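Asks: Numbering (the UniProt record's numbering), first residue to last: 1 to 294.
The beta-carbon is built from N, C-alpha and C at its ideal position, and this holds for glycine as well.
Computed from a predicted structure; not experimentally measured.
Can you read through this structure? Questions will come right after.
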Ligand SMILES: O=P(O)(O)O[C@@H]1C[C@H](O)[C@@H](CO)O1
Ligand SMILES: Nc1nc2[nH]cnc2c(=O)[nH]1
């Protein structure tokens, strides 16, 4: 018996949700996709869709943020069964970090091998422009420095080891492949790579905080993804992640710019088609390479 059983996010609870979903979909998904703010259109490319509102899935958390539809969409992309979260959960919504990452464990129990995550983020790297897409090569888990880590608590070996490695969190072959795809699609002008730093939100950063994060080595700052990545890696799924740079982090006291959620959603709209094309092409490529099977 694990002390967190009955918490709402332990192994048995995840298994029950996965079984409930599997009874209602024709195929186990191999790829799990998490859509960032304003990027929910990724699910539209799936054929033979079976869609669930989060509110209809027993014990699933609910989306509370504008730009996160709160739907789980199963479907097929070029023969590859996928599941797509249109809407994710954030620390600032008030959920425990174990609850916001529970969908990763449900993905695993559904049969997902590769997780692709997207997010909206502020650009700290001064070479980045609004509308750039950053392939995440590494992360800084700022809440983790204060003890907020989704693996805190008793470890359940059925998911993974007590002390998982994170130096290989972001799959290097998928990063390489994404650069190749970006080049073929003519996207190299706006596809970058870098380090994503997560903060708790919901307030955006001060100028001093942005300057500090930049000096620490972060290229982009956001409020999500890292916790999901930690849990996905803990249970052995391969991870690829992208940030859409929706705004430039304000680093200068003379600047009149102010970060706001409307700009974040608007940039998502403007770049979403290309971001979706990049992700869909990448998934299609994965299909043709058996090395990617676990
Ligand atoms: O879910 P993501 O990380 O894309 O959402 C970002 C962070 C905040 O939730 C919101 C701020 O505009 O967008
Ligand atoms: N923390 C944070 N999250 C974001 N999401 C989109 N833009 C930003 C930003 O500037 N800061």
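1) Determine which residues share a DSSP beta bridge with residue 82 and list them.
2) So is residue 256 buried or exposed if we call it buried at 16+ other beta carbons inside 10 Å?
3) So does residue 23 have its beta carbon nearer than 7 Å to some heavy atom of ligand 2?
4) Between which residues of its own chain and residue 60 is the CB-CB distance below 7 Å, once the five residues before and five after are set aside?
5) If you measure from each residue's Cβ to the nearest non-hydrogen atom of ligand 2, which ones come out under 6 Å, in chain order?
6) Since residue 139 and residue 197 are thought to touch, with beta carbons under 8 Å apart, how far apart are those beta carbons, to the nearest angstrom?
7) State the CB to CB distance for the pair residue 178 and residue 278, rounded to an integer number of angstroms; the pair is presumed to be in contact (CB under 8 Å).
8) Just to confirm my understanding: we take residue 261, look at its own chain, exclude 5 residues before and 5 after, and list those with CB closer than 8 Å. What are they?
9) For residue 43 and residue 155, I'd like the C-alpha separation in whole angstroms.
10) Can you check which of these residues, 223, 73 and 216, is closest to residue 24 by C-alpha distance?
11) Quick one: what's residue 117 bridged to in DSSP?
12) Using beta-carbon positions only, say whether residue 158 and residue 11 come within less than 8 Å of one another.
13) Just reading off the alpha helix (DSSP H) that residue 12 is part of, what are its end residues?
14) Kindly indicate which residue of 28, 63 and 35 has the alpha-carbon position closest to the one of residue 50.
15) Expressed to the nearest angstrom, what Euclidean distance is found between the alpha-carbon atoms of residue 267 and residue 128?
16) Regarding residue 51 and ligand 1, is the C-beta to nearest heavy atom distance less than 7 Å?
17) Return the first residue and the last residue of the alpha helix (DSSP H) that residue 233 is part of.
18) Go to residue 220, then tell me how far its beta strand (DSSP E) extends in each direction, as first and last residue.
19) Give me, in chain order, the residues of the same chain whose beta-carbon lies closer than 6 Å to that of residue 229; leave out the 5 immediate sequence neighbours on both sides.
20) Below 8 Å, can you find three or more Cβ-Cβ pairs linking the region 116 to 125 to the region 206 to 223?
21) Is it the case that the region 87 to 104 contacts the region 200 to 219, given that we only count it when at least three CB pairs across the two stretches are under 8 Å?
22) Just to confirm my understanding: we take residue 99, look at its own chain, exclude 5 residues before and 5 after, and list those with CB closer than 8 Å. What are they?
23) Between the Cα of residue 258 and those of 206, 212 and 224, spot the shortest distance and give me the residue it belongs to.
24) I need the boundaries of the alpha helix (DSSP H) containing residue 207, first residue and last residue.
25) What separation, rounded to the nearest whole angstrom, lies between the Cα atoms of residue 107 and residue 32?
Replies: Considering the structure as presented:
1) Here residue 82 corresponds to residue number 82 of the chain shown, with the count starting at 1. According to DSSP, which records beta bridges pairwise, residue 82 is partnered with 31 and 75.
2) What you label residue 256 is simply residue 256 of the chain shown in a count that begins at 1. Burial call: exposed.
3) Within the chain shown, numbered from 1, the residue matching residue 23 stands at position 23. Outside the cutoff, so no.
4) For the purposes of this step, residue 60 is identified with residue 60 of the chain shown, where counting begins at 1. Excluding residues within five positions, the ones whose Cβ falls inside 7 Å are 17 and 54.
5) After applying the 6 Å Cβ criterion, the set is 120, 121, 122, 199, 201, 204, 205, 221, 222, 223, 246, 247, 249, 259 and 264.
6) What you label residue 139 is simply residue 139 of the chain shown in a count that begins at 1. What you label residue 197 is simply residue 197 of the chain shown in a count that begins at 1. With 8 Å as the limit, residue 139 and residue 197 qualify as a contact, their Cβ atoms being about 7 Å apart.
7) Position 178 of the chain shown, counted from the start, is the residue given in the question as residue 178. Position 278 of the chain shown, counted from the start, is the residue given in the question as residue 278. At roughly 7 Å, the Cβ-Cβ gap stays under 8 Å, so residue 178 and residue 278 are in contact.
8) Sequence index remark: in the chain shown, residue 261 carries index 261 (1-based). Excluding sequence neighbours, residue 261 sits near 37, 66 and 67.
9) By one-based count along the chain shown, residue 43 stands at place 43. By one-based count along the chain shown, residue 155 stands at place 155. Cα to Cα, the separation comes out at about 33 Å.
10) By 1-based counting over the chain shown, the position of residue 24 is 24. That would be 73, whose Cα lies nearest to the Cα of residue 24.
11) Within the chain shown, the letter at position 117 stands for residue 117. Beta-bridge pairing links residue 117 to 34 and 241.
12) Numbered from its first residue, the chain shown carries residue 158 at position 158. Numbered from its first residue, the chain shown carries residue 11 at position 11. Taking 8 Å as the Cβ cut-off, residue 158 and residue 11 qualify as a contacting pair.
13) The residue labelled residue 12 in the question sits at position 12 within the chain shown. From DSSP, the alpha helix (DSSP H) with residue 12 extends over 11 to 22.
14) For the purposes of this step, residue 50 is taken as the residue at position 50 of the chain shown. For the residues 28, 63 and 35, the minimum Cα distance to residue 50 belongs to 28.
15) The count along the chain shown starts at 1 and reaches residue 267 at position 267. The count along the chain shown starts at 1 and reaches residue 128 at position 128. About 14 Å.
16) Within the chain shown, residue 51 is the residue found at index 51, counting from 1. Because no heavy atom of ligand 1 lies under 7 Å away, the Cβ of residue 51 does not count as near it: no.
17) Locating residue 233 in the chain shown gives position 233, where the first residue counts as 1. 226 to 234 is the extent of the alpha helix (DSSP H) around residue 233.
18) On the chain shown, residue 220 is found 220 positions in, with the first residue counted as 1. That run of the beta strand (DSSP E) goes 220 to 222.
19) Here the question's residue 229 lines up with position 229 in the chain shown. If we look at residue 229 and ignore the five residues flanking it on each side, its Cβ neighbours are 169 and 239.
20) In short, these stretches touch, since the Cβ pair count reaches three.
21) yes
22) Sequence index remark: in the chain shown, residue 99 carries index 99 (1-based). Only 8, 9, 61 and 89 meet the Cβ criterion.
23) The count along the chain shown starts at 1 and reaches residue 258 at position 258. With distances taken between Cα atoms, residue 258 lies closest to 206.
24) Taking the chain shown and counting its residues from 1, one reaches residue 207 at position 207. 207 to 216 is the span of the alpha helix (DSSP H), which, as asked, contains residue 207.
25) The residue you call residue 107 lines up with position 107 of the chain shown. The residue you call residue 32 lines up with position 32 of the chain shown. In a straight line, the C-alpha of residue 107 is about 7 Å away from that of residue 32.
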